[in-house]
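Residue numbers (our numbering), protein chains in the order written: chain X, 11 to 228; chain C, 11 to 228.
We put the CB at the ideal spot given by N, CA and C, even for glycine.
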DNA sequence: TTTATTTTTTAGATTTATCTAAATTTATTT
DNA sequence: AAATAAATTTAGATAAATCTAAAAAATAAA
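Right under this line is the structure:
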C-alpha cells in the first residue's frame, strides 16, 4: 500500500502528464503540492524504487503503467465522491473539493465500485470533469470554451476549467450552472468581454471568466 | 487539527474509559492499538500537552471534555458510515469495519451531519451499537445477553458484543440478524449450550456465541 | 516488610516526509 | 563559446511516530 502523500504525488504527476509530452518537472510538482523541489526529488526517488514512476535526473518524471493505474483510481474516487456529495448530501459545487480530497484516499475497490453503482454510473463530476471507469477509461469534452464562440453562436455549459471557490460561486450567482444554455450576443473587441443570454437574461462576462467555461456548441 | 494516530488513541482511551472508573493503562491502549506501551507513553504526553487527556505517571489516562468530544465525534462518524455502507452500498455487516475505520477520520462537520440526515437519523449501527448525536448523546441497550435468558423466554436480537468477521458470518449463516426473534427451548446445564428457535427452526448455540448476543426480552 | 514480579517510563535509535542552504546541471544570453 | 541565470539535486537537519532495551515505580507474593 501507498501513503496519502505518495498518492498525492502520483495524482499531481498524472495531472501534468496530460499537459506535456515530456517528463513533469520537480518544480511543477512542488508548486502543485505546495512543497519544495528538493522534497519532490526525494519522494520521486522513492516512487521510482517502487516502479511507479520513471525518473531520469534533471529530466523530469513520467508515470509507469502501474503508477498511472493508481493515479487514475484516485481521480476516479475523487470525482465519484464529488458526485455523491452534491447529489446526495446537498453540497454546493464549490464546497466539495476539500472533502473529496480526503475521501479519494480511502482504499477499497468494493467501496468505489458500489458507490459508482449507487450513483448510477455518472460520466462526469459536478464540474464537468470526466470520471474514469473501473478500467481507467473516460471520455472527455472537446476543448471548446465560451471565449471561442462568436456572435450569435449558442452552446451548453458542460464544464469549468477553473475550480476556485470564488469562480464557482460567481457562476452560481449569475445562474450559470452545468447544463445552462448560453447565447453570445456581442463580443467587445478591445478586451473580449462578452454579452451573453442566460435564461433570457443578458449579462456581461469577462474574458477571464469566459475562457474557463467549457461549452458544447448547439 | 489532529492526526489519524492521535484520533485513534483518543478512540481507544474512550473505549476503555467506559469500562473502568480508573485511568486507562498504557498496556491496555498498546494492546488495543497493536503498539508498545512505550509508544503509548510518548503519545499520551503529546495528547496531554494538547489538553486532550489527563495524565499522571503510572496512573493511567482519562479524557478531558475536549478529548471526549473528539472521541465521540469519531465514534459517531464510524457508525454512521457503517450504516451507509450496509444500507446504501450493499456491504455485509462483517465487511464494514475496516473501511469505516478509515472513513471515520474524514473531518467535516457538514459531511457528518448531512450523512446523518441522508440516512434518516439512525440510532444504531449495523451491529446494534448506538450512534451518538451531534451533541454526543446516545441511548444504549440494556446489557442483557441471550445467555441470560432461561427456558421458554423470548427476545429480539438488538446487538452483538463481538465484532469479529467469523462470528458475524456464523450468525448470518444461521439466519441470526438484528431484529430476529429468538425463543429459548432448552439450556444444557453442563456447558450452557442452548437450543433455540429462530424463524421456526431449532438450532443449538454455544455459550461462547450466546453470551455475545445482546437481547431485548419480549 | 522484604523480595519478586509486573507495569510503566526513560533513553537512545530508526523511519518517513519534510526543510534550508549549498552544489551541480541545464538553459539562456550576450 | 563563455558568462549568467534558472532549475534540479545533494547534504545535512528537523519533527512525528515508532521501536528495543534498560531503569524506575507499583503491585503481588513470600
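- In this structure, residue 81 (chain X) sits near residue 73 (chain X), with a CB-CB distance shorter than 9 Å.
- Assignment of beta strand (DSSP E) within the region 119 to 176 of chain X, counting only whole runs of 3 or more residues, yields 164 to 170 in chain order.
- In the three-state reduction of the DSSP assignment, residue 209 (chain X) falls in the coil class, being assigned neither a helical nor a strand state.
- Every alpha helix (DSSP H) stretch that sits fully inside the region 52 to 133 of chain X and reaches 4 residues is listed by chain position as 75 to 98, 107 to 113 and 119 to 128.
- In this structure, residue 164 (chain X) sits away from residue 196 (chain X), with a CB-CB distance that is not shorter than 9 Å.
- Contact residues of the region 90 to 122 of chain X toward chain C are 95, 98, 99, 100, 101, 105, 108, 109, 112, 113, 115, 116, 117, 118, 120 and 121 (C-beta to C-beta distance below 9 Å).
- Contact of residue 218 (chain C) with chain X by beta-carbon distance below 7 Å is absent, the smallest such distance being about 30 Å.
- In this structure, X:219 is the residue among X:83, X:219 and X:209 with its C-alpha nearest to the C-alpha of residue 201 (chain X).
- Residue 130 (chain X) has its alpha-carbon roughly 25 Å from the corresponding atom of residue 21 (chain X).
- Under the Cβ criterion of 9 Å, residue 178 (chain X) is not counted among the residues facing chain C.
- By the Cβ test, the region 166 to 182 of chain C is not in contact with the region 90 to 99 of chain C, since fewer than three Cβ pairs between them sit closer than 8 Å.
- For residue 18 (chain X), the enclosing alpha helix (DSSP H) covers residues 14 to 27.
- Residue nearest to residue 48 (chain X) within the set X:59, X:32, X:61 and X:68 is X:68 (criterion: CA-CA distance).
- Taking C-beta separations shorter than 6 Å and ignoring five residues to either side along the sequence, the partners of residue 65 (chain C) in its chain run 54, 58 and 71, following chain order.
- Per DSSP, the beta-bridge partners of residue 215 (chain X) are X:204.
- Not one beta carbon of chain C lies nearer than 9 Å to the beta carbon of residue 148 (chain X).
- Among the residues of the region 121 to 138 of chain C, those with a Cβ less than 7 Å away from any Cβ of chain X are 121, 124, 125 and 128, in the order of the chain.
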